[in-house]
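Chains as they are written, first to last, in our numbering: chain L, 14 to 145; chain V, 512 to 589. For each residue, glycine too, the CB sits at the ideal point set by N, CA and C. Structure, as structure tokens:
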Amino acid sequence: MKKLLLIITVLMLQGCAVALSSYIPSFWDDNQSAKIVDVRLSLERLDCSQPQALQLKPVRDNIAWFQLYSESKGSRQTDVIKLTQPLSETVEEWYKRVSAEGYRDNKIYCQMKQKIAEEQAARAAKAILGRF
Amino acid sequence: MSMEQLHWIAGSDKGWAATRAAMTIAITEQYQGGGLDRSEYEEMLRDLVRMDQLDSEADDIELKTMLVTAIYAVAQVA
């Protein structure tokens, strides 16, 4: 009987821990904070009068670095990985289009995508840098 | 949603919604004027939908951070 009570108590505590963990965000991280600002900077520096594919490389690399670093850090980082996923998809679609063979740079497309990506990066950075 | 509604939201003081509506109008006008082709236009509308997901995730992190900060502050006082 005592063993059964012990098992039930352990199971209940584990359940509480799982439920509680969903309310706890990831915490401040210097590397993540610096990298998301690098993403913003590389987007702001993008010049739409120049070929886009090459300029998108540092943006993609910085986002990939952020996501790999966060993934390597552990399961507590799921929130920031989810947070940067929309930006990653926006930039990947952009890169895929402009790096396709025969693509001719469209300045208007570039300017619009840059504006959207900057907005996404700014929102993500605000949440990442605002953590405890 | 009509363009009139988008213009109304863009001109309002609704913060992120006004910004998002202004972006949608700008993208649509470029498409209608021939500055963007159909697939570029659709790609950007998908981007705007993704921004809603991003807002939701960001709000979630900010709310949880506020909660942790408040609990920590209470614990310091207690």
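Query	Result
Reduced DSSP secondary structure (H/G/I, E/B, other) of residue 41/L	coil
The alpha helix (DSSP H) enclosing residue 79/L, as first and last residue numbers	65-86
Any chain L beta carbon closer than 9 Å to residue 546/V	yes
Cβ contact (3+ pairs, closer than 8 Å) linking the region 552-562 of chain V and the region 124-142 of chain L	yes
Distance CB(residue 136/L)-CB(residue 565/V) smaller than 9 Å	yes
Chain V within 9 Å of residue 79/L, Cβ atoms only	no
Nearest-angstrom Cα separation, counted from residue 72/L out to residue 55/L	6 Å
9 Å Cβ cutoff, residue 116/L in contact with chain V	no
Interface flag, residue 136/L vs chain V, CB-CB below 9 Å	yes
Cutoff 8 Å; reference residue 567/V; Cβ partners in own chain excluding five residues on either side	none
Below-9 Å beta-carbon distance, residue 66/L vs any chain V residue	no
For residue 542/V and residue 548/V, the rounded distance between their alpha carbons	6 Å
Three or more C-beta pairs below 8 Å linking the region 85-105 of chain L and the region 37-53 of chain L	yes
Helix, strand or coil at residue 583/V according to DSSP, with G and I counted as helix	helix
Contact the region 64-82 of chain L vs the region 108-115 of chain L: 3+ CB pairs below 8 Å	yes
From 79/L, 117/L, 103/L, 108/L, residue whose alpha carbon lies closest to that of residue 42/L	79/L
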